[in-house]
RNA sequence: GGCCCCGUCGUCUAGCCAGGUCUAGGACACAGGCCUUUCACGCCUGCAACACGGGUUCAAAUCCCGUCGGGGUCACCA
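In our numbering, the protein residues as written are 86 to 614.
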């Protein structure tokens, strides 16, 4: 039998990092066994705008390289894959449940139910519906309806015995039927609820393995009941540990962002991304742009391979040392047996480390390809196809080496190359630290004059010029190099200084030194602070 | 509260099923050092865990019992 797995997103408008992990494991498992992976859309609750709310999710999966064989946009033999379009199937199933005596019409009002529940609570016994307003015949149903009552359909769960869920990760898990409620499967208006829909869909789509987060484990008995009552074969189950908050065992949730922002590592990664978004001129709100949302990583310029590799290791490992996997290796090695049982907390710093690693694997040209669009977005170049930009960027990227961790970093590290000589920003802290020294003006001026006398302006010549200068001045390099860097780049950090000067060229370098000299010494120095 | 799941360094994990080779291994983070014009990379060193208590056994992170702790779930949400 062909392995078929599925992931069932709700169209919420964004792709959550925890959801991706679940989808990834489904994808990996199906690929490992030469099967199919499908996307089913759980939109029974949604009103309209499903397409708009779904687009970012589909886009996110595509970006990560998680492709689906059936589902939205690709179709498939069991269309439609939207729950909102499958109501007839669900109603048909409800009718069969009713006919088989596995479900009943119920006419209790919410208040009556609430009263029963409260009474159970007072008596300190587990609540179980009395079935007092259960209608097992049409006559009974009519009688209730004549009182103006509205009927829903409830599962008629056994009141004794046990059910054993065979789970690939948890082993055998036992539940008492008597603890299970008579869940509603169909509302008075005829619409159906998730658990029923999910079971029907999994059967219709011929899903063989249900791999989902463990929060669904306690829902499984009712689904088993539905499936068995309908005569469906049971799928194999695997309940994954959930992804937890940074530094905690609580489930990761998009709603508790404020709390995560207090986590040092999370905050660091977030701020880094926000700075890039700002440089790009993106209008971002914390709700939709943060390290819990996949889109964040795409916008900032992370690599899909880094994210997928990191996520794969959240709750799974091959052995005691292997950390890096190509897609092919992931597929070849994935197995449910090696999925962990305990929750794994999301560690943005570790994701960062994977990103660092994968970025280092890229050639200069591959980095340039990814960074050109960022420069264009930030209006530092006209377009990604700008003929002049590419050669310059190649040199910048080569000089920057491993400093560029994400594609967006090019904006922070190299904006000054693309800005006019009188228009690049000077970091106030750097100025304070390296330019506000009594001896800085003289040193800068004399170094500028030495550069002015240079015939060739390549890295080697610059290095030699610097050494000669140090000898003449009888100083150490630290006494001058920082001031020069801040003067020409505006920053305290960046690629090697000789690289920066060489890339800027003689004319621009001198212009920048002159401007800084004028700005900070001719006019500012001597004036009261 | 009921039911269910889980519990190895701060974090991700290996080891547990088939007890000894575990004075518990790797990775990230952190600290210190080296390299160095800054930052980053790289390299070296260090810090740091078997939740607790009983058993079983010559021997327990590994098996059994109990306790404690954490989490999930208890909707006419998905």
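The beta carbon of each residue, even a glycine, is placed where N, CA and C say it ideally should be.
| said: Taking a contact to mean a Cβ-Cβ separation below 8 Å, would you say residue 350 touches residue 441 in this structure? | reply: Stepping through the first chain from its first residue, residue 350 is reached at position 265. Stepping through the first chain from its first residue, residue 441 is reached at position 356. Not a contact, by the Cβ cut-off of 8 Å.
Integer Cβ distance of residue 356 from residue 345, believed to fall under 8 Å
Here residue 356 is taken as the residue at index 271 of the first chain, counted from 1. Here residue 345 is taken as the residue at index 260 of the first chain, counted from 1. At roughly 12 Å, the Cβ-Cβ gap does not stay under 8 Å, so residue 356 and residue 345 are not in contact.
### Message
Whole angstroms are fine: how far does the CA of residue 171 sit from the CA of residue 126?
### Response
Here residue 126 refers to the residue found at position 41 of the first chain. Here residue 171 refers to the residue found at position 86 of the first chain. Computed Cα separation, rounded: 11 Å.
With a Cβ-Cβ cutoff of 8 Å, do residue 416 and residue 117 count as a contact? Numbered from its first residue, the first chain carries residue 416 at position 331. Numbered from its first residue, the first chain carries residue 117 at position 32. Against a cut-off of 8 Å, the Cβ pair of residue 117 and residue 416 comes out as a contact.
Let me confirm a value: residue 515 is counted as buried when at least 16 other C-beta atoms fall within 10 Å, else exposed. Which label applies? In the first chain, the residue the question calls residue 515 occupies position 430. Buried: at least 16 other Cβ atoms inside 10 Å.
request  = Would you mind sorting residue 445 into buried or exposed? The rule is 16 or more other CB atoms within 10 Å of its CB.
outcome  = What you label residue 445 is simply residue 360 of the first chain in a count that begins at 1. Per the 10 Å Cβ criterion, exposed.
* To do: Determine the closest residue to residue 427 out of 295, 592, 324, 315, with distance taken between C-alpha atoms.
  => By one-based count along the first chain, residue 427 stands at place 342. The residue with the shortest Cα to Cα distance from residue 427 is 324.
Margin query: According to DSSP, is residue 90 part of a helix, a strand, or is it coil?
Written below: Within the first chain, numbered from 1, the residue matching residue 90 stands at position 5. Three-state result, residue 90: strand.
Check your understanding: Which residue from 342, 148, 475, 567 puts its Cα closest to that of residue 380?
Key -> One-based indexing of the first chain puts residue 380 at position 295. Ranking the options by Cα distance to residue 380, first place goes to 148.
Closer than 8 Å is the cut-off here; do at least three beta carbon pairs connect the stretch 565–585 with the stretch 503–521?
yes
Residue 480 - DSSP class collapsed to helix/strand/coil
Position 395 of the first chain, counting from 1, holds the residue named residue 480. Three-state DSSP puts residue 480 in a helix.
Review point. Going by the CB atoms, is the gap between residue 305 and residue 250 shorter than 8 Å?
Key: Position 165 of the first chain holds residue 250. Position 220 of the first chain holds residue 305. Cβ atoms of residue 250 and residue 305: closer than 8 Å.
- request: Determine the direct distance from the alpha carbon of residue 121 to that of residue 88, and round the result to whole angstroms.
  value: By 1-based counting over the first chain, the position of residue 88 is 3. By 1-based counting over the first chain, the position of residue 121 is 36. Looking at the two C-alpha atoms, the distance is approximately 6 Å.
* State the start and end residues of the unbroken beta strand (DSSP E) segment that holds residue 239. => Working through the first chain from its first residue, we reach residue 239 at position 154. Start and end: 237–240.
- Query: According to the neighbour-count rule (16 or more other Cβ atoms, all chains shown, within 10 Å of its Cβ), is residue 367 buried or exposed?
  - Reply: Here residue 367 refers to the residue found at position 282 of the first chain. Per the 10 Å Cβ criterion, exposed.
Worksheet item: Does the Cβ of residue 580 have 16 or more other Cβ atoms within 10 Å, making it buried, or fewer, making it exposed?
Response: Here residue 580 refers to the residue found at position 495 when the first chain is read from its first residue. Buried.
Taking the beta carbon of residue 194 as the centre, do at least 16 other beta carbons fall within 10 Å, making it buried, or is it exposed?
Working through the first chain from its first residue, we reach residue 194 at position 109. Exposed is the call here.
Practice prompt. Out of 413, 411, 423, 328, state which residue places its alpha-carbon closest to the alpha-carbon of residue 405.
Written response: Position 320 of the first chain holds residue 405. Checking every option, the nearest Cα to that of residue 405 belongs to 423.
Exercise for the section: Kindly give me the distance between the Cβ atoms of residue 536 and residue 594, rounded to whole angstroms, as I take these residues to be in contact under 8 Å. Expected result: Stepping through the first chain from its first residue, residue 536 is reached at position 451. Stepping through the first chain from its first residue, residue 594 is reached at position 509. Contact between residue 536 and residue 594 holds: CB atoms are separated by about 6 Å, below the 8 Å threshold.
Grab the span of the beta strand (DSSP E) containing residue 279 for me, first residue to last.
Counting from 1 along the first chain, the entry for residue 279 is found at position 194. Counting along the chain, no beta strand (DSSP E) covers residue 279; the unbroken alpha helix (DSSP H) around it starts and ends at 279–289.
ask   = From the DSSP output, which residues share a beta bridge with residue 55?
value = The shown model of the chain, from 86 to 614, leaves out residue 55, and the question about it has no answer.
* Inside the stretch 551–575 only - alpha helix (DSSP H) runs reaching at least 4 residues -> 563–574
Just to check my reading of the structure: residue 144 and residue 339 have Cβ atoms closer than 8 Å, yes? What is that Cβ distance to the nearest angstrom? Stepping through the first chain from its first residue, residue 144 is reached at position 59. Stepping through the first chain from its first residue, residue 339 is reached at position 254. Their Cβ separation, rounded to whole angstroms, is 18 Å, which puts residue 144 and residue 339 out of contact at 8 Å.
task: Please name the residue in 526, 557, 558 whose C-alpha comes closest to that of residue 572.
output: Stepping through the first chain from its first residue, residue 572 is reached at position 487. The candidate whose alpha carbon is nearest that of residue 572 is 526.
Checklist line | Secondary structure of residue 470, DSSP reduced to three states | finding: Locating residue 470 in the first chain gives position 385, where the first residue counts as 1. Looking at residue 470 - three-state DSSP - the assignment turns out to be coil, as it is neither helix nor strand.
C-beta atoms of residue 491 and residue 387 nearer than 8 Å = The residue you call residue 491 lines up with position 406 of the first chain. The residue you call residue 387 lines up with position 302 of the first chain. Yes, the pair counts as a contact, with Cβ atoms nearer than the cut-off.
Inter-stretch contact at 8 Å, needing at least 3 Cβ pairs: the stretch 279–286 / the stretch 307–316: yes
inquiry  = Less than 6 Å between C-beta atoms, sequence neighbours within five positions excluded: which residues of the same chain meet that for residue 448?
reply    = Along the first chain, read from residue 1 onward, the residue named residue 448 stands at position 363. Contacts found: none.
Can you grab the Cα-Cα spacing for the pair residue 560 / residue 546, in whole Å? The residue given as residue 560 occupies position 475 in the first chain. The residue given as residue 546 occupies position 461 in the first chain. Roughly 19 Å separates the two Cα atoms.
Quick check: the Cα distance between residue 58 and residue 348, rounded to an integer number of angstroms?
This structure cannot speak to residue 58, because the chain is shown only from 86 to 614.
To the nearest angstrom, how far is the alpha carbon of residue 420 from that of residue 394?
Within the first chain, the letter at position 335 stands for residue 420. Within the first chain, the letter at position 309 stands for residue 394. C-alpha separation (whole angstroms): 15 Å.
Task: C-alpha distance - residue 570 paired with residue 582, whole-angstrom precision - done: Locating residue 570 in the first chain gives position 485, where the first residue counts as 1. Locating residue 582 in the first chain gives position 497, where the first residue counts as 1. Approximately 6 Å between the Cα atoms of the pair.
* To do: With distances taken Cα to Cα, identify the nearest neighbour of residue 503 among 488, 476, 528.
  => Here residue 503 corresponds to residue number 418 of the first chain, with the count starting at 1. Closest option to residue 503, Cα to Cα, is 476.
Beta strand (DSSP E) segments (min. 3 residues) lying fully within the stretch 291–321:
294–298
#### Entry: Minimum C-alpha distance to residue 167 - residue among 157, 551, 352, 173
Counted from its first residue, the first chain places residue 167 at position 82. Closest by alpha carbon: 157.
Quick test of the definition: if touching needs 3 or more C-beta pairs under 8 Å, does the stretch 217–235 touch the stretch 182–190?
yes
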